[in-house]
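Since the structure comes first, as structure tokens, the remarks are kept for the end.
Residue numbers (our numbering): 18 to 164.
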């Protein structure tokens with residue numbers, strides 16, 4: 018993460034969170050409640066340096082996911098303004114073992130920093146968690162630190 022910026026996000030209060038758990042991960046949060054599907058809903062915020070625009074960066078990411086994720090399928094692809102920035106939104110699915118996983122992903126590029134927020138859940142649980150993921154995305158802010 019660029020030390021000139023701070024990323025803030027509000028996750029659901031009862032979720033278990035880890036901040037800076039791994040290189041490039043700002044926060045990872047997992048629901049304490051595990052649905053009947055057995056796949057715990059998860060939110061992950063990542064940041065990486067980006068030397069291209071939002072559309073190109075996310076296009077490269079989709080190509081990489083198509084190779085890396087089992088049965089990857091892009092279901093929705095959009096760009097729109099959220100708060101002060103243009104955001105790329107993608108909904109995609111993949112298989113994790115026997116589980117059909119559905120992900121909502123928002124991405125921003127701010128001053129050369131690429132930020133993604135990904136909410137992952139088993140497909141049968143998506144109707145329960147999609148609004149939670151959207152609410153969290155609406156809280157993400159990139160704040161410039163004073164020099």
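The beta carbon of each residue, even a glycine, is placed where N, CA and C say it ideally should be.
On a predicted model such as this, the values are computed, not experimentally measured, just so you know.
Return the CA-CA distance between residue i and residue j, expressed in angstroms with no decimal places.
| i | j | result |
| --- | --- | --- |
| residue 81 | residue 142 | 26 Å |
| residue 133 | residue 61 | 8 Å |
| residue 50 | residue 90 | 27 Å |
| residue 69 | residue 145 | 35 Å |
| residue 33 | residue 118 | 20 Å |
| residue 147 | residue 103 | 20 Å |
| residue 150 | residue 138 | 10 Å |
| residue 125 | residue 47 | 22 Å |
| residue 153 | residue 75 | 20 Å |
| residue 123 | residue 105 | 6 Å |
| residue 71 | residue 86 | 22 Å |
| residue 65 | residue 79 | 16 Å |
So residue i and residue j are supposed to be a Cβ contact under 8 Å. How far apart are they, rounded?
| i | j | result |
| --- | --- | --- |
| residue 112 | residue 121 | So it is not a contact: roughly 17 Å between Cβ atoms. |
| residue 130 | residue 22 | 6 Å |
Between which residues of its own chain and residue i is the CB-CB distance below 8 Å, once the five residues before and five after are set aside?
| i | result |
| --- | --- |
| residue 155 | 99, 100 |
| residue 110 | 88, 89, 90, 92, 117, 118, 119, 120, 140 |
For the beta strand (DSSP E) containing residue i, list its first residue and its last residue.
| i | result |
| --- | --- |
| residue 69 | It is not in any beta strand (DSSP E) - residue 69 carries neither H nor E in the DSSP assignment. |
| residue 122 | 116-127 |
| residue 45 | 42-47 |
| residue 109 | 102-113 |
| residue 137 | 130-139 |
| residue 86 | Run containing residue 86: none; DSSP gives neither H nor E here. |
How should residue i be labelled, buried or exposed, when 16 other C-beta atoms within 10 angstroms of its C-beta is the threshold for buried?
| i | result |
| --- | --- |
| residue 140 | exposed |
| residue 45 | buried |
| residue 28 | buried |
| residue 56 | buried |
| residue 31 | exposed |
| residue 160 | exposed |
| residue 84 | exposed |
Spatial neighbours of residue i within its chain, please: C-beta separation below 6 Å, excluding the five flanking residues on both sides.
| i | result |
| --- | --- |
| residue 52 | 142 |
| residue 25 | 158 |
| residue 63 | 41, 42, 133 |
| residue 95 | 106 |
| residue 135 | 61, 120, 122 |
| residue 58 | 48, 138, 146 |
| residue 54 | 139, 141, 142 |
Could you pull the start and end residues of the alpha helix (DSSP H) that residue i belongs to?
| i | result |
| --- | --- |
| residue 151 | 143-156 |
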